[in-house]
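Beneath this line is the structure, given in structure tokens, with notes to follow.
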Amino acid sequence: LVIAGHGRIAETLARFAHILGFSITVADPAATTEGFPDTDHLYTTGLASPEVLIKPNAFVVVATHHKGDHLSIKKALDSNAGYIALVASRTRSEIIFQYLEAAGVPKEKIANGRLRTPAGLDIRAQTPEEIALSIIAEVVAHYRGGSGRPLVETNQIVMGHASRPQPVSSCCAG
Numbered sequence: 049l050v051i052a053g054h055g056r057i058a059e060t061l062a063r064f065a066h067i068l069g070f071s072i073t074v075a076d077p078a079a080t081t082e083g084f085p086d087t088d089h090l091y092t093t094g095l096a097s098p099e100v101l102i103k104p105n106a107f108v109v110v111a112t113h114h115k116g117d118h119l120s121i122k123k124a125l126d127s128n129a130g131y132i133a134l135v136a137s138r139t140r141s142e143i144i145f146q147y148l149e150a151a152g153v154p155k156e157k158i159a160n161g162r163l164r165t166p167a168g169l170d171i172r173a174q175t176p177e178e179i180a181l182s183i184i185a186e187v188v189a190h191y192r193g194g195s196g197r198p199l200v201e202t203n204q205i206v207m208g209h210a211s212r213p214q215p216v217s218s219c220c221a222g
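So the sequence shown is residues 49 to 222, counted in our numbering.
Okay, structure coming up:
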């Protein structure tokens, strides 16, 4: 997991990723080892820096709060990352899309499903910790090929029991 950013969302996301066994790279000028004690690689440069490598099929989350997020997203799109997420409002996301188009990034590269913004699953997250939880849940769903839908919808479990076909009464049964 590659994280661009240093705030509470990024720090909590790194903690969750560590618990789940992900290799973690953090790139942000304000990132510290105190804020990210469990990272494998910590760069005090932005993600757009040439020294920060994005491996093929990596998961990239940009949580920079407008500080170079357009450059980080462009670098991620230019890589072979399998999942790219931007922590941003819909309005900010539109601004990033406009920047990418102006920078000559082909629309197909933007709209091919790798870039997800706003980042995370819809759990009505309010706090930075809840937002980080929704993002790591989306990362795991992508990694495992899950849908991100509630299990009750995918396994048809109702009140703790798998649903079973019910006998049908027939008007003509003898």
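We treat Cβ as the ideally placed atom computed from N, Cα and C, and that holds for glycine.
Looking at ARG172: is its Cβ nearer than 8 Å to the Cβ of GLY130? no
Length of the line joining the Cα atoms of ASN128 and HIS66: Roughly 23 Å separates the two Cα atoms.
I'd like the list of long-range same chain contacts for LEU90, defined as Cβ closer than 7 Å, with 5 residues on each side in sequence excluded. Take LEU90, set aside five residues on each side of it, and the residues of its chain with a beta-carbon closer than 7 Å to its own are VAL74, ALA79, THR81 and PHE84, in chain order.
If you draw a straight line from the alpha carbon of VAL216 to that of ALA167, how long is it in whole angstroms? A caution first: VAL216 carries a pLDDT of 43, below 50, which makes its placement in the model too unreliable to give a value.
Rounded Cβ spacing between VAL108 and GLY53 (contact assumed at less than 8 Å): The pair is not a contact, with the Cβ atoms about 11 Å apart (cut-off 8 Å).
Simplified DSSP assignment, three categories, for VAL187: helix
For LYS123, does the count of other Cβ atoms within 10 angstroms reach 16, so buried, or fall short, so exposed? buried
In this structure, how does DSSP classify PHE107 when only helix, strand and coil are distinguished? strand
Would DSSP call VAL50 helix, strand or coil? Strand, per DSSP.
Sub-8 Å separation of PHE70 and LEU181 beta-carbons: no
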